[in-house]
Every structure is written in C-alpha cells, then in structure tokens.
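Enquirer: Chains A and B, in that order, give the protein sequences. Residues 7 to 676 in my numbering are what the first sequence spells out, letter by letter. Residues 7 to 676 in my numbering are what the second sequence spells out, letter by letter. Don't be surprised by glycine CBs; every beta carbon is placed ideally from N, CA and C. Everything numeric in this text was worked out from a predicted model, so none of it was measured.
2 protein chains.
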Amino acid sequence: MNKTTWSQLWLDYGKKKGHVSCDKESIAVVLDGFSAENRVIKSLKSELEKAFDGLFDKKIAFADDAKSAEEKAYRITIAKNDSMAAESYKIEADSKTIKVVASCENGALYGVFHVIRELMRGTAIDAIKAECKPSNPLRMMNHWDNMDGSIERGYSGESFFYENNDIVISDRTRDYVRFMASVAVNGIVINNVNVKDAASYLITDRFFDKVRELTEIFADYGIKLYLSLNFASPIELGNLPVCDPLDKDVIKWWDDKFAEVYKKLPLLGGFLVKADSEGRPGPFTYGRNQADGANMLGKAIAPYGGIIIWRCFVYNCTQDWRDRKTDRARAGYDYFKELDGKFLDNVILQIKNGPMDFQIREPISPLIGGLTKTNQMLEVQIAQEYTGHQIDLCYLMPMFKEVLNFKTYCQKDNDTVADIVSGRSFGNKLAGMAAVINTGDNANWTGNYLAAANLYGFGRLAYDTELSSEEIAKEWAEMSFNLEGEETNKLVSMLMNSREIYEKYTSPLGIGWMVTPHEHYGPSIDGYEYSRWGTYHRADHLGIGVDRTDKGTGYAQQYYPENTENYNDPDKCPEELLLFFHHIAYDRKLKDGRTLIQYIYDSHFEGEAEAEKLFETWKGLEAHVEPEVFASVCHRFEMQIANAKEWRDQVNSYFYRKSGIPDEKGREIY
Amino acid sequence: MNKTTWSQLWLDYGKKKGHVSCDKESIAVVLDGFSAENRVIKSLKSELEKAFDGLFDKKIAFADDAKSAEEKAYRITIAKNDSMAAESYKIEADSKTIKVVASCENGALYGVFHVIRELMRGTAIDAIKAECKPSNPLRMMNHWDNMDGSIERGYSGESFFYENNDIVISDRTRDYVRFMASVAVNGIVINNVNVKDAASYLITDRFFDKVRELTEIFADYGIKLYLSLNFASPIELGNLPVCDPLDKDVIKWWDDKFAEVYKKLPLLGGFLVKADSEGRPGPFTYGRNQADGANMLGKAIAPYGGIIIWRCFVYNCTQDWRDRKTDRARAGYDYFKELDGKFLDNVILQIKNGPMDFQIREPISPLIGGLTKTNQMLEVQIAQEYTGHQIDLCYLMPMFKEVLNFKTYCQKDNDTVADIVSGRSFGNKLAGMAAVINTGDNANWTGNYLAAANLYGFGRLAYDTELSSEEIAKEWAEMSFNLEGEETNKLVSMLMNSREIYEKYTSPLGIGWMVTPHEHYGPSIDGYEYSRWGTYHRADHLGIGVDRTDKGTGYAQQYYPENTENYNDPDKCPEELLLFFHHIAYDRKLKDGRTLIQYIYDSHFEGEAEAEKLFETWKGLEAHVEPEVFASVCHRFEMQIANAKEWRDQVNSYFYRKSGIPDEKGREIY
C-alpha cells in the first residue's frame, strides 16, 4: 500500500473541501512580467489549479496578460518586481484581485503557496496580506537515504528515492518536491552523508541520466539537488592510490570529474561532504587539514557555480572511556576554529546545533559564531534519532527556536545563531539551515502523522526564523486537520509541550545519551558509559555529570566570555544544562530548593504522567480526526507511554540503586 | 583459502612424521570376525593406512584372515567378541601383534583410533594396552548452523554444511566426520535448533538426496545423523491451520511425514526439538504440555527406531525486570518436574548443564536428577558463547568435570550427574551428553587453534567421563603439537588454568551475565539488568546478587535437601556460587576475610594479570610451534588481553562508582 498511495500531508486540498470556502465565482491567474514558459511558473499555475479544484471545486483560468483575462473574474496576479530581495514576496488583495509580487520565480511560488495556505486556514482570499523575505539563503533537507533502500536513522519506512541500488522516480517524487517547495525548501541532498557502495557511483555514467531527471523535477519547484560525496572517490572510482587533497593527480581527477558531472548535471547545486568522521575517509589520513580538503573540492567546482558543504561533525570516535580529558564536545571547535578564514567563498561549513549529536538538550555549538570569517550553516535533525524515533511525540521547533535565539556574543549586535547562520552577522552570501529529514516511504511520509509537524515546521522556520513555534504548529494543524478552534489549540498545545515532556522522562538537565546503543531508542543508562564514543554521564554513588569547566575538560572556555562565565559556574549555569557542564552531587540543592536526585525522580514521574496526558488529549480529538489517522497515532502513543515508563523506571531505579537516596514522595522505584 | 584447505587437527599424521616412530618393518591388518565389506571396517582400514603412511611412511597390508597375512609382518588384529559391551574395546599387544577386540564395528573403530592416538603420542605399538567402555550411550554434537551459511553463536567462520540455502558436501565433510569418530562421537545434529526458512525443508524432497548422502558419510564412521525439527512444520509445510500435538490431523501429518522421511533417510537417528522457547512454536500455544508435544513425535517416529530429543530450555523470555519473583533459573524444573515419568521411552530430554544459559559458572540444573523416571541427556556448549568467543582461551573440560561429578543426592549412590546422564542411576537406555559445537569453515575449524582442545575434549569426556581434564588436555596437546615434555606441560597448564582466569576477569562468584547484549562478548555490566531476559544481578549501592533462597525466588528449594541446605545459607553456599544464590553486602567478609567488594576488585586485577601470563607462556613456545599457528594464537591473546582489561576496568569502575568503597590496594579504578 505504501508504494502506491501516500498522504498529501498539509497540501491535502480534498480533505479541506467543504471546510473552507471562496466566494469568488471565477478566478483568473494573470502573469505580469513572468514568463508562462518558465518551469517554476508552470508549477505555480498547476498548484493553483490543484488547490482551487481540491479546496473549492473551482476551475481557474490562465491569462497571458491582464487584458486577456475575463472581465468579471477574480484575478490572481503574479507580478515581477526586480527591486525585491531574492525569494521574497509581497501579497496584497482587494475585492477584485490578489497580487503576488516577487523578483524571481521562487518568490512567486512561495507567495502562491502562502495564498493557498491562508485559503486552507479559512482566510478569505481578499483578506490575505503578507510581506515575506527569506531569513536564510540556503534552506536545505539532508536525506540519509542509502541506495539499497534503507535509511540511516529513518523511522518512516524505506527510501522513496532508491530501491535495489537504483534510483526510483515516480509521482511520489513529484509530490515530495511540491511539499518541500510549499515550505520554501530550496536545496535537497538526496543521499546519505556516509557515501558507500552504489552511492559512490552517483557521479558516474551509471546514474547520470536518472540524477539529471531528478534535478529537472526539483528545478520545476525551484529546488536545487545536491549530492553527498565520497572523499575517497579518486581511489574508489579513479583507481588512484590516494585521495590526498594536495596530490596533483587527485586534484586533476576532481577537476575532470566535476567537468564531467556538470556537463551531465548542469542543474546540480553542489556537494555535501562528511570527511574524517566515524570511519569516513578524509584529509587527516594524509596529514592535511579540513580546509585543505574542502578547498580542493571548492576550487574544482567553482567554474560551474557549485558549492561544497563541509560538515564539522569531526571527532575521535575511538575514545577511551577512562580518559577524562578528551572531550568529544570540544572536537568541532578544536578542529575548525583555527581554520577560520581559510575556506574558499564557495565552501560552507555545516555545523550541528550542539557539540554532541542531536540530543534532546545540548548547549549551542561554540563553533557557530566562534567562526567569524567562514560561511556557516546550521544543521539540525528532524529525523528523531535521539528524540523518540517518530514514535514519541516531539515537536522540535521550540528547540530550534532556542538555538536560533541563542546569543553568542560574537559581536555587539546581530550575534544570535539566527543572525550568524543567515549571513546577517558577517555578510556571508552562503548561509542557511539544513535538516536531516524524517521522511520515508510510509504512506504518511513520517511514520507518526504528527511528526509531519517537524517536516513542515523546519521549512517554515528556515524561511522565516522570526515565526514562533506556536504559529508554525497552528499553521500546520489547520492545514492538516479539520479541527474546530479549541481543538486546534489542544493539538497545538500537545505539540508545544511535547519536547519538554520527552526531555523529562528521558535525560533531563543536559545529561543526554543513556540510550540503547546503536538503536538510540529506549533507555540504557550505562549503554554509552564505557564505550568508545565519547558520551559519558560519569555517575557514581555521589553525583552525576561531566565537568566541562576550566577545572574539567575546558569545553566551557570555547564560548565568548559572557557565555563561558555562565557555563563555567554551577550557580549561574542554566539549570537545563547543569549536568552537561558540571558534575553535581545528588544532594545539591537546585534553584527551587529540591535536591538533584529528587529533581531526577520528580522529572521522570512527571514526564511519564504528562505523556499519558498527551494521549488523553489526543483521545479527546477522536470525533474530529479521520479514523485511520486517529488509530495510528493512538498506537504511537501506546508505544510512547511504554517507552516513557521504561525510562522512568530504569532511570529512577538506576539512580536509586546508585545513590541509595529514597524518593521523598515514596513512589515506586525498583 | 579456508574453502579449499583446512587443518587436520589432532589427526595431522604428516605433522608428526619424524617425531614419532614405529620399529615394525611391515604391518598387516587382520580381521577376525568382522566383515571387510562393512562400511565402518572399511573406514577403519583406511584410517590405519593413512596413519601409518603419514606417521611412519609405512604401507600396511590387509588380510582377510590370519592365515593370509604375511608371516613376518606385525599384525593388527581386529577381533570380534560378542560378549563385550557395545562400542567398548580392549587392546592387547606384544612383540608380534596388537589385538583390538570389540563386539561391534564402532568399538573396533574407536579401538583403532586409540592405537593411532597412542602412536602419535610416542607410545611403542607393542606397549599399547587398554580396556575402554563408553560412559554414555549417546555422545552428540549439536550444530547451530543455518542454511544461509551463518552459524548462531559461531566464532569460526561460516558453516561447512551449508551455503546459499543448500547443503554442501565435500572432502571437508568427510574429514570432519573422521575427527568426530576419532573421539567417539556417535550422533550429530546438523542444523540449528532454531529451525527456520530453508531448514524447515530438510524433511522434504528438496533436500532428501543430499541429507541421505550425508547420512551415508556419517554412517561410514559409525555416526548417526540427526536433524533439528520445526514444531510448526504441519503449518509451514503441511498447510494445516495448527500444530497442536493432540490434533488428529497434526498427528496424521507427522505419521505420514516420518514414514516419508524414513523411506528416504533410513539411517536417520531422529530429531532434536526446541519448542516453546525464545519465540519458537510449541505445544503451549494449544494449552498442551511439553510431554504432549514430545510424545506425539515420539510415537510417530517409533516404528522406525528413531528418537526424539526434546530440549528443556523453556522459560519466559519476556520477563519484566521489575518483577523479583519470576526467576528464569526456576523455569526448567517448574515446567518439566511434574511431567517426570510421562515421556515415551524413545524420547529423551536434553538439559543444559546450568539453569540459565552456559555462563562461566552456574549451579547444576536441578532438573538433572530431579527427574528420576525420564530419559535425560546433558547439554553443554563448547561454542564459547559466554566464555570468550574462541578469542579468549577457555578450556572447558574442568567445568564439565565439575558438572559430571556433582552429587545430586537423587538416591543413595550413583547419584552424580555423570551417573544420571549415562543411564547408570536409573537404568535408562537413552542417555548421554551433547555439546553445542564450536566449529566453522575457518581453516583451523575452531577460530582459535587452542579451542580445538574443547572439540577434542568433549568427545573424549563423553566417551569416558572418568578421564581427567588434564589427561585429555595432554592427549590433545601431544597429538596436535610437537612439543617436548616440559613444553607440553606448559601448554596443558595454560589450558587447565584458563577457565578460572576467564571467570576471574569477567563475572566471578556465580553472578554471570554482565555481557554486551545480543553479542555476548565483552562487558556491559547493566547490559541485561533492565531487560526482558530474566538475567539480573540486582546490584545497588549496598550489595549485589540474586536472592534465590526460600526468602527469595525459592530456586534453591528445587534441589534435594542436602544441596538445598547448602545453597540456601550464605555461610554454607560454595563461594563460587555465592552471588547466584544470595544478595550480599559489599562489606560482608568472605571466607578468607576479604570483603566482597575487595574480592571483586582483586579477582579482576588478578584475572587480567593472569591472562597476560598466559600470553607470556605461549610466547615461550614460539620456537616449537609452526609460525602460522603461533602468530594466529598470539593475535587471539592480544585480543583476549584487551578484553580482560575492559572487563577489569569496567567491572571495577562500576562497583566502585556504585559502592563508593575504594580498593584497599589503591590500584587504578576509573
């Protein structure tokens, strides 16, 4: 079933039929300054057609110019205004016409999707008004899809891009691209950053034809296709003995390769590279640094306007757990800070939001803003690797907002993460946000129906980082469901509380990890404690937490002084990050007077209870949600509650057994 | 390489050439009462031929009877004496002749292998003298080989029986059978007890021809081939809706199936069945008991002389770790004790040595001897699942000897495990020992060259449970290497100490487990602590161990009173099992005055240090061992020492962090 039918997500116009209305008798779309032959404009027209047909059962007419449109028709004018910023749009409407103005086709398309969104939310067409401008020039999705059809950290079925080491192109591909364009995503990396096996051949004749077809489908919706690249390609594909970025033969190989690639794939955006990380090859092998590697590729791709996105997720993953000096959290900054300013203009560093790996709570990577002379892009993960596998509800926009709003103190003003990654702080042209995507070939795309809020949300937020999490949740809920006002609020509040709830029953106070190794779902308190991955909680019978102050690993020193001062001092450290930065005694009093151990107990009991409440709230929506969606989400909540109970009981039992300190409230601990 | 060449193990006659001698100029083999046409006698002759050629470069002559043999030749007479016990033999020799007397071909074959063994060990042919009788009628190997070539818990490569869901028969198969016969194994189960996929079809036309060919090859060396059986075959192969053992259609299906099977495979020994265990189907599904299941099959197979071996490894594997009443250790006894006397004569229960699962130290299963009216067979594992994966040296005969010598008190005399499983205690005809085998398609068969001592040892011990571990180790060492006396002693003493060393650095005092989940190699102290497998250590900040006394799970009550009394009382409990039966405070004094926690620390430091000494001893043998063998074993020791260090440091750190009690000797704990 999941191969032949699939959800239309927030663009399910048919589902909204009868729930929203449009009082205009006839509609004409008029182009003013845009070419009807442009591929994006064609898509825009087709989307309007679909939407009006689906939402209102109305056919719409298309006119080449204002004169040829039917006199009495309500007009949707798509007008070009070259003075506007790229990909921005303006919408004005009155009783006769609605005008979407933009300087480029992408802006026009996003404006049209804005109109459709408002119509779906029940806004009268002549009441729609907007002026929107992208916060980030690059708004990207990263697929970790493998060509055998599996998805690394995928929780929504198999890949819809690949099957049996080949590329699959279908109507589903086109729908996916529509969804992405509807939230203004403009770049998509279609293969896993761990490039192996067949995926190494994506830049060869074996796959050029199909990749080209994909680049065309993407381009129809204003999206650039990117590929992840195997740094060892000169060895694997070119039979060279090395892939040393300073080796002449290697440089020539890449020069030739990119010439070939761009001849075959003129629309390609560029490449994403994971090098020297978790077993991937990279410049370190040859005593070179990360800039050597990135610049070699950047130089080779420059003639074609391509860009190189270089990931900063470089750390020692064969650490000794006995070693308390080496700190994985330090690694990104340690490797890249000294290279600030050494990267070419068409190279951009992609930096994970936190210094570890997508935990439910981490401090912001000190590299963001730590670099001031380098293009940088924020990487987040909407695939819920450590946040519930799309079984547990965990709406991530509140977390991303915290990240974006974080003041780095890298300069006097314009110093937040949002400022930096958008390019505003330092005037970078290459700048933006990327998300590791949460899709698969499940009929509903994201496993849990409600996880689509993250898919939708990331795009919206990347386009406009000023949007609140709540606004985004509301948009998504209104487009995706047919709920009454109060019910929508309930759903929005479920989403809004979900991250904190997940944090409470899993690993609060910034400690993170404590998950089942490899799988990353469910608790295993010591699962990563004696491992090679640099992920420790250091709990003993007296306390827990990692000393990352100047007396410990020194990680806190990687921030600008204003932040360092706070992080370095347990009394000033934000409590939600206390155990990330400090080893704290179980009997230490927290701000509200409770001891640490009591906080741990309380948090886990509360978190589990609140997860149950989420389920109760969902059950209250039964009458208003399609039965299949209702039942499927119920099943997810059943699993979430089982998971929450395991976390609650295992964490509490672990710390009770270790500390010997009983719960003040006498609740059951094993 | 491992597909085309392989070690000859302890039958490598060529390797002994020049190291042993035989002063007889010519040799003639004379049959007296045995038919030269018998398949086993043919094999016996061929083996003698190989041995004399390999060891001494001597051709031997074969005579149909005494008269036709060359006058001056030294004679090896194979004489029949019907009054002797089955599979026993007697050897007498003088300067003119050596006489191997037996009542059956298997006895003769084992006698000949005895002669060869002694020749390899340097005994003069006319000094060989023996009188040997099998302790156990059934001496079996259980392969956990899957038809896709994988081996469950295999640490020596892939299967040599299967490839790509088909059976492979080659010279390697024949050599394997020779090795097994040389240690008097007389039954082999060739497929995994978890019967799935292609293996379900072993009892269908798809595989009959090849299985038949295997039964013939096995029969040439006096070995019966057995198959593991899928209890759900009536459903999977027969399209019946159930596999209920009391269902008429099911009974008929099996009647017909066994008729078909024995028509095609007349030499088949019977079937091994794992039912109602770890997800396998079984009679419980239909509200039937284990006897219903076993007897249904037993009855159906009886007309053909086949037997049903029914495993007692039945327990709840979806237990809740919070539940301290349910005790996996109890399960076997709880399920089977009440069925004592209800099993048919051609059914035999196969009982693991301990109540858990092949840990480095467990008490003896109370089911052995707990049952007094039921055929029972001891199951041990020479595949080193929990004992070092054939990376770490762990010679298991000392453990098996402890098991065999255990006094159950099931009756006044003849009450040891050896007595019971041999049939001596209660007069059972079906009785014996089985081992989960440690072989694979590695060139050396067992991964670690030294692990072959377990392969050799199990057969020898099953044939003669009176042999000491040391004698067996010495035999194997002398046959497998060309070491001088003192060097042989060193190797033997390495083997003899290895189990205790492994126990010391892993999980002493009977606590067991604490291994990496699924994989079962390397430490994960809490790895199984919060799991569904019923395998807990219950450590808290005050103590560790599982209370299985009358105040705890009551497991200790499953023994006869003499044993219960000891196990139930921490002061009387054998110390090596203390934590299996009792939850003990870290500061409790053990017999030698040390506290429990100090014992834990000491044991782990000592164990690791002793593992290093093992390696040193091995290095001392370098000059006397083939370079390839030497290097390969060195590599294993390097891995073992790394493993021992992880165990030492993780266990010690875990208990230090939990108890807060420092090591008295101030050694490094993390």
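1. What in chain A is Cβ-close to residue 531 of chain B, meaning under 7 Å?
2. Using the Cβ count rule (16 or more neighbours within 10 Å means buried), how would you classify residue 662 of chain B?
3. Compare the Cα-Cα distances from residue 143 of chain B to each of B:511, B:496, B:191 and report the closest residue.
4. Looking at residue 356 of chain B and residue 313 of chain B, is the spacing between their C-beta atoms short of 8 Å?
5. Please report the straight-line C-alpha distance between residue 1 of chain A and residue 565 of chain A, rounded to a whole angstrom.
6. Against residue 513 of chain A, what residues of chain B qualify as contacts under a CB-to-CB distance less than 8 Å, listed in chain order?
7. Please report the residue range of the beta strand (DSSP E) in which residue 5 of chain B lies.
8. Under a CB-based cut-off of 8 Å, is residue 328 of chain B close to chain A?
9. Rounded to whole angstroms, how far is the Cβ of residue 38 of chain A from the Cβ of residue 72 of chain A, which I believe are closer than 8 Å?
10. Is there a C-beta anywhere in chain B that falls below 8 Å from the one on residue 548 of chain A?
11. Can you name the residues of chain B whose CB is closer than 8 Å to the CB of residue 664 of chain A?
12. If you measure beta-carbon to beta-carbon, which residues of the segment 551–577 of chain A are closer than 7 Å to chain B?
13. Does the separation of the CB atoms of residue 84 of chain A and residue 125 of chain A fall below 8 Å?
14. Which residues in the same chain as residue 467 of chain A place their Cβ atom closer than 7 Å to its Cβ, once the five residues preceding and following it in sequence are excluded?
15. Under a CB-based cut-off of 8 Å, is residue 536 of chain B close to chain A?
16. Cβ closer than 7 Å: which chain A residues qualify as neighbours of residue 656 of chain B?
17. Name the residue from B:601, B:488, B:301 whose alpha carbon lies nearest to the alpha carbon of residue 671 of chain B.
18. Taking the straight line between their C-alpha atoms, what separation do you get for residue 103 of chain B and residue 471 of chain B?
19. Answer yes or no: does any C-beta atom of chain B fall closer than 8 Å to that of residue 676 of chain A?
20. Anyone know if the C-beta pair for residue 388 of chain B and residue 497 of chain B falls short of 8 Å?
21. Check for me: the alpha helix (DSSP H) holding residue 509 of chain A runs from which residue to which?
22. Ignoring anything shorter than 4 residues or poking outside the segment 192–231 of chain B, list the alpha helix (DSSP H) runs there in chain order.
23. Let me know the secondary structure DSSP gives residue 152 of chain A once reduced to three states.
24. Could you compute how far the alpha carbon of residue 46 of chain B sits from the alpha carbon of residue 224 of chain B?
25. Since residue 95 of chain A is in the beta strand (DSSP E), which residue starts that stretch and which ends it?
26. So residue 316 of chain B is in the alpha helix (DSSP H); what residue range does that whole segment cover?
27. Can you tell me which of B:77, B:16, B:10 puts its alpha carbon nearest to the alpha carbon of residue 35 of chain B?
28. Helix, strand or coil: which one does DSSP assign to residue 529 of chain B?
29. Can you find a C-beta in chain B that's less than 8 Å from the C-beta of residue 606 of chain A?
30. Quick check: the segment 509–517 of chain A against the segment 609–625 of chain A, are at least 3 beta-carbon pairs closer than 8 Å?
31. Cα separation between residue 239 of chain B and residue 249 of chain B?
32. Have a look at residue 381 of chain A and residue 429 of chain A and give me their C-alpha separation to the nearest angstrom.
33. With contact counted as at least three CB pairs below 8 Å, one residue from each stretch, are the segment 519–530 of chain B and the segment 553–568 of chain B in contact?
34. Return the chain-ordered list of same chain residues with a C-beta closer than 7 Å to the C-beta of residue 341 of chain A, the five sequence neighbours on each side being excluded.
35. Can you tell me which of B:127, B:130, B:134, B:128 puts its alpha carbon nearest to the alpha carbon of residue 106 of chain B?
Expert: Taking the geometry as given:
1. 532
2. buried
3. B:191
4. no
5. Residue 1 of chain A lies beyond the residue range present for chain A, which begins at 7 and ends at 676; the question has no answer from this structure.
6. In chain order: nothing, as chain B lies at least about 15 Å away.
7. Shown here, chain B extends from 7 to 676; a query on residue 5 of chain B therefore has no answer.
8. Flagged as an interface residue toward chain A: residue 328 of chain B, by a C-beta distance shorter than 8 Å.
9. Confirmed, about 7 Å.
10. With a threshold of 8 Å between beta carbons, residue 548 of chain A makes contact with chain B.
11. 546, 547, 663, 664
12. If the cut-off is 7 Å between Cβ atoms, the segment 551–577 of chain A has nothing near chain B.
13. no
14. 403, 406, 473, 478
15. yes
16. Correct list: 536.
17. B:601
18. Residue 103 of chain B and residue 471 of chain B: Cα-Cα distance of roughly 29 Å.
19. Residue contact check for residue 676 of chain A against chain B: a CB pair falls below 8 Å.
20. no
21. 491–511
22. 211–226
23. coil
24. So the alpha carbons of these two residues sit roughly 10 Å apart.
25. First-last of the beta strand (DSSP E) with residue 95 of chain A: 95–99.
26. It is not in any alpha helix (DSSP H) - residue 316 of chain B instead sits in the beta strand (DSSP E) that spans 313–317.
27. Closest by alpha carbon: B:77.
28. strand
29. no
30. yes
31. 7 Å
32. C-alpha separation (whole angstroms): 8 Å.
33. no
34. 296, 320
35. B:134
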